[in-house]
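Asks: Could you have a look at this structure, given as structure tokens, before my questions?
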Amino acid sequence: MRRKGLVGLLVFVVAVLFSVSAFASGFIKIGVQAPITGKFASEGQSINKAVRLIAKQVNKKGGILGKKIKVITCDDEGKAVKAAICARKLVDAGVIAVIGSYTSTCAEAAEPIYYRAGVLQTSDGTSDTLVKHGYWTFFRNSSPNSAEAKFTAEFFLKKQHYKRIAVISDYSTFSTNLAKAVINDLKKMGGNIVYYGKITSGAQNFTPILTKIKSYNPDVIYFSGYYTDGGLIRAQMVQLGIKADFVGGDSNDNPEFIKLAGKAAVGSYLINVPLPQMLPYPTAKKFLKAFRETYHENPASIWTLFNADGFRVILYAIQQTKSLNTKKIAHYLHYELKGFPGITGPIRFAPNGERIGSAYMAYRIGPDLKYHIVYKEK
Amino acid sequence: MEIFFQQLVNGLTIGSIYALVALGYTMVYGVLKLINFAHGDLVALSAYIGLVIIMQLMGALSPTILIIATFIITIIITAIGGVVLERAAYKPLRKAPRLSAVVSALGASMIIENGIMLIWGPMPRIFPASVVPNTNYNIHGVYISLMQVLVLIISFILMVALYLFVNRTKLGTAMRACAIDQDAARLMGINVDKVIVTTFVIGSALGAVGGLFIGMYYRGIYFNMGWIYGLNAFVAAIIGGIGNIPGAMLGGMLLGIFNAFIAGYVSSSWSLALTYVLLIVIMIFRPTGILGERVAEKV
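Heads up: the sequence lines are chains E and F, in that order.
Under the working numbering, residues 163 to 540 are what the first sequence spells out, in order.
Under the working numbering, residues 302 to 600 are what the second sequence spells out, in order.
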């Protein structure tokens with residue numbers, strides 16, 4: 163017991179030291195941990211751009227608590243090993259908060275390191291396990307898999323009335339957990355799952371597993387992984403003459419899904435929170451305009467905006483608490499923050515760091531290769 | 302039964318690509334006893350070169366001519382790349398211990414991979430959808446696309462041509478002679494240097510065809526994809542017996558078909574693992590590969 167107390171004290175001292183060093187430098191250092199290169203580079207770079215844009219906007223107005231914000235970026239390449247290295251690097255650099263990472267796997271690999279150092283972390287990772295470790299430093303800025311899974315099950319059974327459902331995931335934490343959650347919710351509602359299998363992300367040749375699935379005669383194939391594989395799965399499904407619908411989980415929502423699938427993309431469904439341009443909030447319209455003016459492109463996806471929101475809410479908490487003490491900021495976010503107007507809707511956190519509320523939608527990709535809303539959460 | 306034939310088609314398509322790439326490993330190994338680790342990255346490079354050519358020429362040429370032009374130009378550039386690789390990374394080390402050449406090969410592999418990333422960026426690049434018409438044939442429930450037909454036919458023709466070249470021509474005979482004993486070949490008046498360059502030209506050209514197939518069939522290409530395709534092709538070369546040309550063809554096909562059947566009949570989650578278990582089993586019973594010759598230990 164005494165030992166534990168000692169460790170706790172040490173953590174606290176380290177945390178205080180870091181906040182002090184952040185004070186002393188005259189800068190507020192914020193880390194970005196994101197996949198700047200590798201398969202998810204377009205998402206990672208977009209997150210980095212969004213964070214830097216916000217920092218620039220704040221600095222232009224004279225910074226926060228009289229200090230300028232300095233953004234330090236570390237590329238985790240979407241790999242767990244690199245994520246841990248990044249976490250140490252950013253902690254050593256003296257950041258008080260880290261935005262990232264894009265993938266749940268990387269966010270989870272870095273979590274304990276930020277926790278031990280008392281550095282705040284906010285990620286769009288949707289894996290349910292992210293908030294189950296009891297780390298006070300972690301805040302999810304998106305909706306969890308469990309909410310998406312429930313919505314997916316309702317869409318399948320109440321709207322589409324699928325009778326034979328096949329599920330595919332890859333081996334990542336995020337994808338397997340989402341697939342399992344969807345299967346659980348479907349079973350609870352009496353859905354019939356005829357097949358569940360895994361693919362190796364990046365293998366490109368998915369015809370063997372799809373041919374096998376074809377023999378089960380499903381009326382839908384659900385894929386819980388990322389767009390780089392999802393686009394190819396959809397293309398190869400059509401090529402193999404599989405008539406089943408394709409429904410992709412949130413990470414298939416990327417413009418490259420349509421590019422990879424080509425004409426085959428028509429008629430496939432994606433499930434995600436609203437597209438950036440569909441967000442009704444004034445904050446969202448303002449931010450998107452600034453993003454386009456600065457970078458001459460749209461954010462890669464909604465995930466960029468979730469992370470931007472994570473950053474904005476931390477800055478807001480710093481301002482409200484007038485403090486750089488991460489414990490104080492975390493306490494404010496957990497218990498005092500009420501309905502902060504985020505880009506992706508009002509933001510509130512549960513005591514475990516979970517963001518409260520969600521708004522999922524199902525889209526169908528039409529012959530015009532655009533998204534059309536077919537089902538919404540009430 | 303449809304499922305069986307469909308899996309066979311699936312396996313043969315990817316297997317042909319593996320076989321084309323495996324030939325590059327096996328030919329270089331046969332002549333130089335060197336594993337050219339940069340070969341997979343050369344394949345990736347050829348896919349990017351092909352994409353650039355298609356983007357430049359699309360619209361200016363009719364589809365058929367565009368495809369032929371893309372293949373010819375990419376093959377030439379990649380073959381030159383292969384020769385440059387040999388000159389820069391391997392020739393200066395020909396008399397050095399074999400380990401130096403392996404390290405040099407790994408270095409060359411990283412240079413090409415990161416070079417691709419610096420030039421074309423880390424994001425996946427995507428081939429346009431309409432290069433090869435999206436025609437799909439349904440033969441009694443077995444689906445095969447025009448691109449797959451092209452992959453199978455072109456691979457088959459290339460492999461037959463290579464077999465005839467190695468076994469029926471003077472240069473091919475010289476190549477086989479160098480594979481057996483370079484010094485003896487030199488004494489017989491064979492220009493060993495020329496043979497080595499020819500080997501790299503042919504190996505890289507076949508790899509370029511494989512790279513273009515990957516780009517045109519799967520459409521998404523990544524700067525680090527040379528690693529995964531290279532690894533599979535290397536394994537294919539070993540299954541068939543490294544250094545043995547028909548062996549590499551057989552190994553590639555077998556690897557593709559194993560993978561498809563294991564995914565189809567056992568478990569897709571385990572297909573990769575079980576494929577390698579099979580590799581180990583083959584290695585236990587045939588340590589030099591299926592068609593590899595038993596080499597007497599020199600004491």
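Just so it is clear, CB atoms sit at the ideal spot from N, CA and C, and this is done for glycine as well.
Keep in mind it's a predicted model, so treat the numbers as computed, not measured.
Is P274(E) helix, strand or coil by DSSP?
Replies: Looking at P274(E) - three-state DSSP - the assignment turns out to be helix.
Asks: Which chain E residues sit within Cβ distance under 7 Å of N560(F)?
Replies: P370
Asks: So for M424(F), helix, strand or coil by DSSP?
Replies: coil
Asks: Is there contact here, the stretch 538-554 of chain F with the stretch 402-413 of chain F, by at least three beta-carbon pairs under 8 Å?
Replies: no
Asks: Leaving out five residues on either side along the sequence, give the residues of the same chain with a beta carbon under 8 Å from the beta carbon of K421(E).
Replies: So the list reads G393, once near-sequence residues are dropped.
Asks: What residues in its chain sit with their C-beta under 8 Å from that of P547(F), if we drop five residues either side in the sequence?
Replies: Y464, G541, L592
Asks: Report the residue from G429(E), G364(E), Y378(E), D412(E) whose alpha carbon sits nearest the alpha carbon of R396(E).
Replies: G429(E)
Asks: Considering Cα atoms alone, identify which of L459(F), T379(F), V493(F) is closest to R395(F).
Replies: V493(F)
Asks: From the DSSP output, in three-state form, read off R326(E) for me.
Replies: coil
Asks: Measure the Cβ-Cβ separation of I258(E) and V194(E) and say whether it is below 7 Å.
Replies: No; because the gap between Cβ atoms is not below 7 Å, this pair is not in contact.
Asks: What distance in whole Å lies between the Cβ atoms of S266(E) and L282(E), which are believed to be in contact at a cut-off of 8 Å?
Replies: Actually they do not touch by this definition, with Cβ atoms about 18 Å apart.
Asks: Would you please state the rounded distance, in angstroms, between the beta carbons of G218(E) and Y457(E)? I believe it to be under 8 Å.
Replies: Reading off the sequence shown, one finds Lys at residue 218(E), where the question assumed Gly. Not really, about 12 Å apart at Cβ, beyond 8 Å.
Asks: Take the Cβ of E498(E) as the centre, count every other Cβ of all protein chains shown within 10 Å, and call the residue buried at 16 or more, exposed below.
Replies: E498(E) comes out exposed.
Asks: Am I right that V356(E) and Y384(E) are in contact with their C-beta atoms under 8 Å? What's the rounded C-beta distance?
Replies: Between Y384(E) and V356(E) the Cβ distance is about 11 Å, and since that is not below 8 Å, they are no contact.
Asks: Using 7 Å as the threshold, is the C-beta distance between K251(E) and C236(E) below it?
Replies: Between K251(E) and C236(E), the CB-CB gap stays under 7 Å.
Asks: Got a sec: which bits of the stretch 457-476 of chain E sit with their beta carbon under 8 Å from any beta carbon on chain F, in order along the chain?
Replies: So nothing in the stretch comes that close.
Asks: With 8 Å as the limit, tell me which residues of the stretch 311-335 of chain F have their beta carbon closer than that to any beta carbon of chain E; keep them in chain order.
Replies: N311, G312, T314, I315
Asks: Quick check on DSSP: helix, strand or coil for R395(F)?
Replies: In the structure shown, R395(F) adopts coil according to DSSP, grouped into three states.
Asks: So T499(F) and M476(F) are in contact, right, with Cβ under 8 Å, and what is the actual spacing, rounded?
Replies: For a cut-off of 8 Å, the C-beta gap from T499(F) to M476(F) is around 7 Å, short enough to register as a contact.
Asks: If you run the structure through DSSP and keep just helix, strand and coil, what is A196(E)?
Replies: strand
Asks: Given a cut-off of 7 Å, decide if S386(E) and A426(E) are closer than it, judged by their beta-carbon atoms.
Replies: no
Asks: For the stretch 513-522 of chain F and the stretch 381-391 of chain F, state whether three or more C-beta atom pairs, one from each stretch, are separated by less than 8 Å.
Replies: no
Asks: Start and end of the beta strand (DSSP E) containing Q283(E)?
Replies: 282-285
Asks: Output the distance between the C-alpha atoms of A184(E) and K191(E), rounded to the nearest integer angstrom.
Replies: With a pLDDT of 48 at A184(E), under the threshold of 50, the modelled position of that residue is not reliable, and the figure given next carries that caveat. Answer to the nearest angstrom: the Cα atoms are 7 Å apart.
Asks: For Y519(F), decide whether its Cβ has a neighbour in chain E, counting only Cβ atoms nearer than 7 Å.
Replies: At a cut-off of 7 Å between C-beta atoms, Y519(F) counts as an interface residue with respect to chain E.
Asks: Does the distance from the C-beta atom of P436(E) to that of M351(E) stay below 7 Å?
Replies: no
Asks: What's the C-alpha gap between F562(F) and L309(F)?
Replies: Looking at the two C-alpha atoms, the distance is approximately 8 Å.
Asks: Mapping DSSP to helix, strand and coil, what is H496(E)?
Replies: helix
Asks: What are the start and end residues of the alpha helix (DSSP H) that includes M584(F)?
Replies: Counting along the chain, the unbroken alpha helix (DSSP H) around M584(F) starts and ends at 572-586.
Asks: Since K201(E) meets chain F, which of its residues come closer than 8 Å, beta carbon to beta carbon?
Replies: The answer, in chain order, is P425, Y523.
Asks: The alpha helix (DSSP H) spanning I261(E) covers which residue range?
Replies: Counting along the chain, no alpha helix (DSSP H) covers I261(E); the unbroken beta strand (DSSP E) around it starts and ends at 259-261.
Asks: Here's the rule: buried if 16 or more other CB atoms are within 10 angstroms of the residue's CB, otherwise exposed. What is N311(F)?
Replies: buried
Asks: Just to confirm my understanding: we take P588(F), look at its own chain, exclude 5 residues before and 5 after, and list those with CB closer than 6 Å. What are they?
Replies: none
Asks: Check the Cβ-Cβ distances between N367(E) and every residue of chain F, and say whether any is below 7 Å.
Replies: True, the Cβ-Cβ gap to chain F drops below 7 Å.
Asks: Can you tell me whether DSSP reads G410(E) as helix, strand or coil?
Replies: strand
Asks: Would you kindly work out how many angstroms separate the C-alpha atoms of Y324(E) and K538(E), rounded to a whole number?
Replies: Distance between the alpha carbons of Y324(E) and K538(E): 17 Å.
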